[in-house]
Amino acid sequence: MATAGQGSPTEVEQNSFDESLTGVSQMDSKTTNAEDQTADQKVNLNTASEHAGDKPYKCDRCDYSTPWKSHFNGHLATHTGDKPYMWCGECGYRTTQKSELSRHMRTHTGEKPYKCDQCDYSAALKSSLNRHIAAKHTGEKPFKCDQCDFAAITKSHIDYHIAAKHSGEKPYMCGECGYRTAQKSRLSRHMRTHTGEKPYKCDQCDYSATEKFNLDKHLAKHTGDTGDKPYMCGECGHRTAQKADLAKHMRTHTGDKPYKCHMCDYSAARKFSLDNHMAARHASEKPYPCKECGYRTTQKPTLLRHMRTHTGEKPYKCDQCDYSAAVKVNLDYHVAAKHSGQKPWRMWVQDSYKL
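Numbering (UniProt numbering), first residue to last: 1 to 355.
Printed below as a string of structure tokens:
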């Protein structure tokens, strides 16, 4: 059985954490707030208990007791092995790690404590500073692939390369639409397209974004630093005007070829390459017909896009205005033309994309 001495450090650590951070609330990962009391009543109860020396929250596994329910929940975790969640009071982000929460808070405060000693660059995370130094100043790529001669600046890049190039595995799947990815972080970002979550808030207006790069791009409108090509490759410094173009460029480093031919073993880094392959190799084979009008295609995704001409569905929404599109490339074009001030060099889109 646990002793009182075992419970005391948890209370001390909890007090220390409460005093060190503001705007953050804690709750146990398995305990919900089901009390009928109001927030003011709880404060009064805790304050009265504190001054009276009462400790109404008592552990039934040891002799620990406390005036505060949050402290009690934290203590229970020492018995169950569970880690109490720490919550961000700004956006609801939660984590079991105090250090992780501290790093997260910088997305709200704008604090960038890590300074480059070779230029005026600064970053909120040490890993971002390390990537900057490697990309801009040293050119060092310390992470090596043990299956080929690929090297990367960051471990995440090497992990993605191995998953995409060598294993072919995409273990993380979206339960809503079947999207699969090799990285858990990419699945988390993808899920926001379904939940509508926009955790990145602008501190100068009411704008919010699903991803940090969108917030950074928006903030440039306040600072006046728009930049023609805000998206930079951490491997070679290549810059692009649109995130989608940077994602395509990154495949030259990772070797990723996500576009697979369903009729042979051909794969491509870009969709237009797959389309060209289909036209050249399988043009006479169009197994997917439209039941509405007789249109036929070689690819099931193309048929699904075509069906939107009949249903009127426009699933791709602009987060800056009320524009919506039937296919993603049209949304990308709209954002570039209407919101970023860019004039994309490729004014055409393939017929399959117009569907």
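C-beta atoms are modelled at their ideal positions from N, C-alpha and C, and glycine is treated no differently.
- In this structure, the beta-carbon distance from Lys286 to Thr298 falls below 7 Å.
- In the DSSP assignment, the residues bridged to Tyr114 are Ala123.
- Assigned with DSSP and collapsed to three states, Tyr288 falls in strand.
- Excluding five sequence positions before and after Tyr172, the CB atoms of its chain that fall closer than 8 Å to its own CB belong to Arg180, Thr181, Ala182, Gln183, Lys184, Arg186 and Leu187, given in chain order.
- Take the alpha-carbon of Ile162 and the one of Ala151: they are about 11 Å apart.
- The three-state secondary structure of Ala325, taken from DSSP, is strand.
- Boundaries of the alpha helix (DSSP H) around Glu100: Lys98 to Thr109.
- Between the alpha carbons of Glu197 and Glu211 lies a distance of about 10 Å.
- Between the beta-carbon of Ala124 and that of Glu111 there is about 6 Å, and that keeps the pair under the 8 Å contact cut.
- With 16 or more other Cβ atoms from the protein chains shown falling within 10 Å of its own Cβ, Leu101 counts as buried.
- Here Cys293 is exposed: its Cβ has fewer than 16 other Cβ atoms, across all protein chains shown, within 10 Å.
- In the DSSP assignment, the residues bridged to Ser65 are Lys58.
- Secondary structure of Ser128 (DSSP, three-state): helix.
- Close CB contacts of Glu169 within its chain, under the 8 Å cut and outside five residues either way in sequence, are with Ala163 and Ala182 (chain order).
- By the Cβ neighbour-count rule, Ala241 is buried, with 16 or more other Cβ atoms within 10 Å of its own.
- Check the Cα spacing between Cys177 and each of Tyr200, Lys217, Arg192 and Ser167: the tightest is with Arg192.
- Closest in alpha carbon position to His218, among Arg189, Gln320 and Pro67, is Gln320.
- Around the beta-carbon of Pro56, fewer than 16 other beta-carbon atoms lie within 10 Å, marking it exposed.
- Classified as buried, Asn73 has 16 or more neighbouring CB atoms from the shown chains inside 10 Å of its CB.
- Residue His253 holds the alpha-carbon nearest to the alpha-carbon of Ile153 among Lys271, Tyr231 and His253.
- Cβ neighbours of His104 within its own chain (closer than 8 Å, five residues either side excluded): Cys88, Tyr93 and Thr95.
- CA-CA distance, Lys317 to Pro113, rounds to 36 Å.
- Contact between Arg270 and Tyr288 does not hold, since the beta-carbon distance rounds to 22 Å and is not under 8 Å.
- Residue pairing for Ala151: DSSP places it in a beta bridge opposite Lys144.
- Linking Ser156 to His137 through their CA atoms gives a straight-line distance of about 20 Å.
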